[in-house]
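Visitor:
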Amino acid sequence: EPVQFHKPGIILLLHGGPHSASTTAFDHHIPFLVHSTDCAVLSVNYRGSLGFGKQALESLPGHVGQQDVQDCMDALKASLNAGVFDE
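Counting in the working numbering, the sequence shown runs from 1062 upward without gaps.
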């Protein structure tokens, strides 16, 4: 009989900021969330995050809560559309 796998949920993890960024460095929050919730973690570097140049950083003032939120929602939608995660 084939093994049945469940689709995990997904948690959208936002970094602090706005002038911050998610990195590949170890973050103790991520394994805690994965283990305790059985969900995947999606960490997005949205517009205004550090590391994308002066233009990207300067695009956020006056648009906080708009383009940064849209970037996160677009990333979440793309992840859900991949069919790997439970909605």
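No residue lacks a Cβ here, since even glycine has one placed at the ideal position from N, Cα and C.
From a predicted model like this one, the values you see are computed outputs, not experimental measurements.
1) Under DSSP, the beta strand (DSSP E) around Val1102 begins and ends at which residues?
2) Please name the residue or residues paired with Gly1114 in a DSSP beta bridge.
3) Within the chosen definition, does the region 1121–1129 reach the region 1081–1100 through at least 3 CB pairs nearer than 8 Å?
4) So which of Val1145, Ile1091, Gly1109 and Val1095 has the shortest CA-CA distance to Gln1131?
5) On a CA-only basis, which of His1090, Phe1093, Gly1070 and Thr1084 is nearest Leu1141? Give me that one, please.
6) Where do the N-terminal and C-terminal ends of the beta strand (DSSP E) with Leu1074 fall, by residue?
7) Note the first and the last residue of the continuous alpha helix (DSSP H) segment covering His1139.
8) Please report how far the alpha carbon of Leu1075 lies from the alpha carbon of Asn1106, in whole angstroms.
9) Between the C-alpha atoms of Val1145 and Leu1094, what's the straight-line distance to the nearest angstrom?
Guide: Taking the structure as given:
1) Val1102 -> beta strand (DSSP E) spans Cys1100 to Ser1104.
2) Bridge partners of Gly1114: none, in fact.
3) Taking 8 Å as the limit for Cβ pairs, the verdict is that the region 1081–1100 does not touch the region 1121–1129.
4) For Gln1131, the closest alpha carbon among the candidates Val1145, Ile1091, Gly1109 and Val1095 is that of Gly1109.
5) Of the candidates His1090, Phe1093, Gly1070 and Thr1084, the one whose C-alpha sits nearest the C-alpha of Leu1141 is Gly1070.
6) Annotation: the continuous beta strand (DSSP E) that includes Leu1074 extends over Gly1070 to Leu1074.
7) Residue identity check: residue 1139 is Ala in the sequence provided, not His. Gln1128 to Asn1142 is the extent of the alpha helix (DSSP H) around Ala1139.
8) Between Leu1075 and Asn1106, the alpha-carbon positions lie close to 8 Å from each other.
9) One C-alpha to the other measures close to 18 Å.
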